[in-house]
Amino acid sequence: MQHELILILDFGSQYTQLIARRVREQGVYCEIVPFHYSVEKIVERNPKGVILSGGPSSVYETDAPQVSADFYDKISAPILGICYGMQLLAKDLNGVVSPSDKREYGHAQLKRLSGKTAIFTDLPEKLDVWMSHGDHVTGLPEGFNTTATSGEIITAIENLERQIFAVQFHPEVSHTPKGKEILKNFLFNICGCKGDWT
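Numbering (this note's numbering), first residue to last: 244 to 441.
Below, the structure written as structure tokens:
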């Protein structure tokens, strides 16, 4: 029997293994693969969803880790970008990513914006989250909406039509108390996982 699969593309985050643990805790099988894992292999493996991890780089560094140019067109599964993953997909899809005046590290409070937001289903309007980033998204790619902010910072975005979601914070760490519920929303409500892996 072939298990449903979530693929996690690793961009060098210290938390990548933790993302995998949180996914597996929900009874969903996942694998961590390097960020340069080919699009053809991803398509062939037919994952239920793809997660882009965080990472220490700036998306504008010369040797910053990237996905291939056709990644977003060829991957039909829902995508969740976390921290660097959010910045990367925003840049790749012609949004704007800007350096922060100072690196944001530690606790922040997110405010969910009004309207239906798939990633925050059944969650309160305000959430405590854990940030660790130097850059942030300042201009949205076409077709995206802001779904949460933290002060002036765009904290979550989504494109429902393309099933692409992204958060600037780290839902996988214990310092984001409702992070488990956010990942569950992605796995079950968005990707349609059943959680049948033990």
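Even for Gly, the Cβ is constructed at its ideal location relative to N, Cα and C.
Nothing here was measured: the structure is a model prediction, and the numbers come from that model.
C-alpha distance - residue i paired with residue j, whole-angstrom precision
i       : j       : result
His-379 : Asp-306 : 19 angstroms
Lys-423 : Glu-268 : 9 angstroms
Gln-352 : Gly-270 : 29 angstroms
Glu-283 : Ser-311 : 11 angstroms
Glu-404 : Pro-384 : 13 angstroms
Thr-367 : Pro-420 : Looking at the sequence provided, one finds Pro at residue 367 rather than Thr. Roughly 12 angstroms separates the two Cα atoms.
Arg-288 : Phe-314 : 14 angstroms
Val-302 : Gln-245 : 35 angstroms
Leu-254 : Met-329 : One point to set straight first is that residue 254 is Phe, not Leu, in the sequence displayed. C-alpha separation (whole angstroms): 12 angstroms.
Ala-409 : Asn-402 : 9 angstroms
Leu-252 : Thr-360 : 24 angstroms
Pro-308 : Asp-439 : 33 angstroms
Ile-249 : Glu-274 : 7 angstroms
Phe-429 : Ile-362 : 6 angstroms
Lys-427 : Val-276 : 21 angstroms
Coarse secondary structure for residue i, derived from DSSP in three states
i       : result
Val-266 : helix
Gly-324 : strand
Asp-378 : strand
Gln-330 : helix
Thr-390 : strand
Thr-398 : strand
Arg-405 : coil
Val-416 : coil
Tyr-272 : strand
Ile-251 : strand
Glu-291 : Note that residue 291 is Lys in the sequence shown, not Glu. Coil.
Asp-371 : strand
Lys-317 : helix
Leu-353 : strand
Val-282 : helix
Residue i, buried or exposed, once every other Cβ within 10 Å from all chains shown has been counted against 16
i       : result
Gln-411 : buried
Gly-279 : Position check: residue 279 holds His in this sequence, whereas Gly was assumed. Per the 10 Å Cβ criterion, exposed.
Ala-263 : buried
Ser-256 : buried
Asp-365 : exposed
Glu-247 : buried
Val-286 : exposed
Tyr-272 : buried
Gly-394 : exposed
Gly-338 : buried
Closer than 7 angstroms: residue i CB and nearest the ligand COA heavy atom
i       : result
Gln-245 : The ligand COA is not part of this structure, which contains no ligands at all.
Answer yes if the segment 279-297 comes into contact with the segment 313-326, meaning at least three C-beta pairs across the two stretches below 8 angstroms, and no otherwise. yes
Any chance the segment 362-374 sits against the segment 327-337, with 3 or more Cβ pairs inside 8 angstroms? no
Would you check if there are 3 or more beta carbon pairs closer than 8 angstroms linking the segment 412-420 to the segment 430-439? no
Any 3 or more C-beta pairs closer than 8 angstroms across the segment 351-359 and the segment 390-402: yes
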